[in-house]
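J.: Everything in the sequence shown is counted per my numbering, starting at 627 for the first residue and increasing by one.
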Amino acid sequence: MKFANILATQGLIKKFESRGVLRSHRLKSFLNSELLTSQLGFGTYRVHVDSKEHETAMIVALQSGVNLIDTSSNYGLGGSEELISNVLDKMSKEDSRDSFIIITKSGYLQGEIFEYLKQLDQVEIKDLDVVKVSSNCWHSIHPDILKMQIDQSFKRMKIDGIDALLLHNPEYYLQDCFSQKIDVEIARKEFYKRIKKAFLFLEGQVQENKIKYYGVSSNSMCSDLSSFDQVSLVKLNEIAIECAKELYANEKHHFQVIQFPCNLLESNGIIHKNQLYKKATFSVMELANHLKLDVLFNRPLNAFFNGTMVRLAGGEFNPNINYKLEIEQVFLNISKLENTIKIYFKNHSKVLKNMQKTAKRSGFFDVSSSLPNFVENEHNNEQYFQMVQSWLWPYISSSLDCLHKFFEGDDYFDLSQFTNDYLKTFDKLEGFVVSRNNLLHEITNLKPLRDVLNISLSDSISQCALNLLASIKGQPIILNGMRQIDYIKDSTSILIEDDISNSEEILKEIDSVYKKN
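(1) Note down the Cα distance separating Ile-1147 from Ile-785, rounded to an integer number of angstroms.
(2) State buried or exposed for Ala-731, treating a residue as buried only when at least 16 other CB atoms are found within 10 Å of its CB.
(3) Answer yes or no: do Val-993 and Ile-960 have a C-beta to C-beta separation smaller than 8 Å?
(4) Can you tell me where the beta strand (DSSP E) with Cys-1028 in it begins and where it stops?
(5) How would you call Glu-750, buried or exposed, if buried means at least 16 neighbouring beta carbons within 10 angstroms?
(6) May I ask you to report which of helix, strand or coil DSSP gives Gly-941?
(7) DSSP beta-bridge partners for Leu-902?
(8) Can you find the residues in the same chain that come closer than 8 Å, C-beta to C-beta, to Ser-760, ignoring five residues on each side of it along the sequence?
(9) Below 7 Å CB to CB, which residues in the same chain sit around Phe-930 once its five sequence neighbours on both sides are set aside?
(10) How would you label Ser-650, buried or exposed, when you count the other beta carbons within 10 angstroms and need 16 or more for buried?
(11) Just to confirm the assignment, what range does the alpha helix (DSSP H) spanning Gly-1100 have?
(12) Would the region 689-706 count as touching the region 654-670 if we require 3 or more Cβ pairs under 8 Å?
(13) Could you check what DSSP says for Leu-657 in three-state terms: helix, strand or coil?
(14) Let's test the definition: count the other Cβ atoms within 10 Å of the Cβ of Cys-1028 and tell me whether it reaches 16, buried, or not, exposed.
(15) Taking the Cβ atom as the reference point for each residue, do Pro-1102 and Val-921 lie within a distance shorter than 8 Å?
(16) Kindly list the residues whose CB is nearer than 8 Å to the CB of Gln-1110, restricted to its own chain and excluding five residues on each side of it in sequence; keep chain order.
(17) Would you decide whether Gln-1043 is buried or exposed? Buried here means 16 or more other CB atoms lie within 10 Å of its CB.
(18) Less than 8 Å between the beta carbons of Leu-859 and Ala-813, yes or no?
(19) Hey, would you say Asp-792 sits closer than 8 Å to Val-883, going by beta carbons?
(20) According to DSSP, is Asp-715 helix, strand or coil?
(21) For the candidate residues Gly-704, Ile-727 and Leu-828, whose alpha-carbon lies nearest to that of Gln-636?
(22) What does the alpha-carbon distance come out to for the pair Gly-900 and Asp-850?
(23) Quick one: complete alpha helix (DSSP H) runs, 4+ long, within the region 697-748?
(24) If you reduce the DSSP assignment to three classes, tell me which class Leu-662 lands in.
(25) Name the DSSP beta bridge partners of Gln-856, please?
(26) Assess, as a yes-or-no matter, whether the region 758-774 is touched by the region 1034-1050 under the definition of 3 or more beta carbon pairs within less than 8 Å.
(27) Can you check whether the CB of Ile-1126 is closer than 8 Å to the CB of Ser-1097?
(28) Bridge partners of Asp-920, per DSSP?
(29) Can you give me the Cβ contacts of Ser-1119 inside the same chain, cut-off strictly under 7 Å, excluding the 5 residues immediately before and after it?
(30) Only counting runs of 4 or more residues, tell me where the alpha helix (DSSP H) segments fall wholly within the region 806-833, in order along the chain.
(31) Pull up the distance between the alpha-carbon of Gln-736 and that of Ser-644, whole angstroms please.
(32) Name the DSSP bridge partner or partners of His-794?
(33) Under 8 Å, do Val-956 and Leu-1055 count as touching if we go by C-beta distance?
(34) Quick check on this structure: which residue in Ile-632, Lys-641 and Asp-676 has the alpha carbon closest to the alpha carbon of Leu-662?
(35) Looking at Leu-828 and Tyr-818, is the spacing between their C-beta atoms short of 8 Å?
(36) Looking at the secondary structure, which residues open and close the alpha helix (DSSP H) in which Cys-1090 lies?
Written as structure tokens, this is what we have:
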């Protein structure tokens, strides 16, 4: 049960079909036809091992037509991968590990590995090809880093084989070069040199039976050819062939999976021809189909448009709700929860001292004093999500990890209940903040979209959005973050809906309408 296999995945798919939660046109052969999966995957960005709600949601999804899980070594500072371990263990009585396809990613350096790297001298850091993204996040795809992160993933998920390992946003190197005004040709030459070094290492991991296949997840693969940070699928394929020739004297490489953002307002990967291959131009999706690569779409319901994040999910706003009051109530709840932990620290000062020493900071669980002002004044969802990714989620994750590590029992403090309640409040906060901002942008940003789709303001667009993407030629797998049961019911409905035959034409029409606006 080192990897997913065809017999086990077929068996699970047959169960889904017999339960009526999956139809045959939503099945896809995956990883060189070695596996079978549905077209909906469970995206684990911002799920955490300490949340019972997230655990329940993943279990329900894996019983409702989903058998592919996408994660990353940095999601929840490793808490996402730990949650997968717990869920697979609980599912094992019904379905074994080889029924489920596990994809993880490497490249972001946060948490434990980040603290380790900070202790190295500058020469050692440079030798590891580190890009300093921010004060608490670095990035590297150096083989030594990849090996550390793969080993970490094995330990967290309690597995000894990964079905596909993806390089996670390697374009950070190009973006760093752009900020330093390095010549684009020089930057790209070094970038693809690093890609090749990583690919050679990953081919070695395949031979050692640690991974089955590898690939690249990139936010800039669908950008214009002229974009400084564009990651060329043509070049990635060429490098994979070069690696195979050097290692095996043939062209049979194991570069098989690509992942990129795709949604109704960001459909360049489908309709924008930015790949020049053998004197013909292709979109990323077209070229992937031609090369017989597997494609994963992320952010299917979160679109960056006109400098803001627009949530393309039904039920996320209601003109009759006073979001200001709802957000204030959530902050009151956060404050109450944080006061309970402060009382606990007073009674267990040793716990706090150990946490401070480990995390090398004095403050924990103090969101209610700093976040309200930002939320009140920030009506741009893009900025909000950047704050969540760069500060809030790492802060919450490290606080919880430290607390669980050094926790001392207390008859008046239930750690499990506190953790679950604390994480739930931030899910609620995000829902209200995004909904408020969406309501402000709804008429301006989404009315043309609803007109093209022929749906009213009160109708949900999430199912239509997911089904439209799943209907694209080549059967991409749609990764959706389904942290709540309601999200799962809404998302998995696409597994039994009919294909939209003119899906690409609809996306082109949406793109045309929005360009005019």
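Even for Gly, the Cβ is constructed at its ideal location relative to N, Cα and C.
T.: On the basis of the supplied data:
(1) With the chain covering only 627 through 1143, there is no way to say anything about residue 1147.
(2) The amino acid at residue 731 is misidentified as Ala; the sequence shows Lys. By the 10 Å Cβ count, Lys-731 comes out buried.
(3) For Val-993 and Ile-960, yes; Cβs fall inside 8 Å.
(4) Not the beta strand (DSSP E): Cys-1028 falls in the alpha helix (DSSP H), residues 1019-1032.
(5) With fewer than 16 other Cβ atoms from the protein chains shown falling within 10 Å of its own Cβ, Glu-750 counts as exposed.
(6) With a pLDDT of only 49 at Gly-941, under 50, the local geometry of the prediction cannot be trusted, and the value read off the model is given with reservation. In this structure, Gly-941 counts as coil in the three-state DSSP scheme.
(7) Partner(s): Thr-907.
(8) Ser-1016
(9) Glu-892 and Glu-1008
(10) exposed
(11) Careful: Gly-1100 lies outside any alpha helix (DSSP H) and carries neither H nor E.
(12) yes
(13) coil
(14) buried
(15) yes
(16) Glu-679, Ala-683 and Asp-1053
(17) exposed
(18) no
(19) In the sequence under discussion, the amino acid at residue 792 is Leu, which differs from the Asp named in the question. Cβ distance < 8 Å, so Leu-792 and Val-883 count as in contact.
(20) helix
(21) Ile-727
(22) Per the sequence presented here, residue 900 reads as Asn, with Gly not at that position. Cα to Cα, the separation comes out at about 6 Å.
(23) 705-717 and 738-744
(24) strand
(25) Under the DSSP definition of a beta bridge, Gln-856 lacks any partner.
(26) no
(27) It is a contact, given that the beta carbons lie within the stated cut-off.
(28) DSSP lists Val-883 as partners of Asp-920.
(29) So the qualifying residues of the chain are Gln-1089.
(30) Annotation: the region 806-833 contains the following complete segments of the alpha helix (DSSP H) (minimum length 4 residues), in chain order: 810-833.
(31) 43 Å
(32) Ser-843
(33) Result yes, Cβ atoms of Val-956 and Leu-1055 sit closer than 8 Å.
(34) Its Cα nearest to that of Leu-662, the residue Ile-632 stands out among Ile-632, Lys-641 and Asp-676.
(35) no
(36) From DSSP, the alpha helix (DSSP H) with Cys-1090 extends over 1088-1096.
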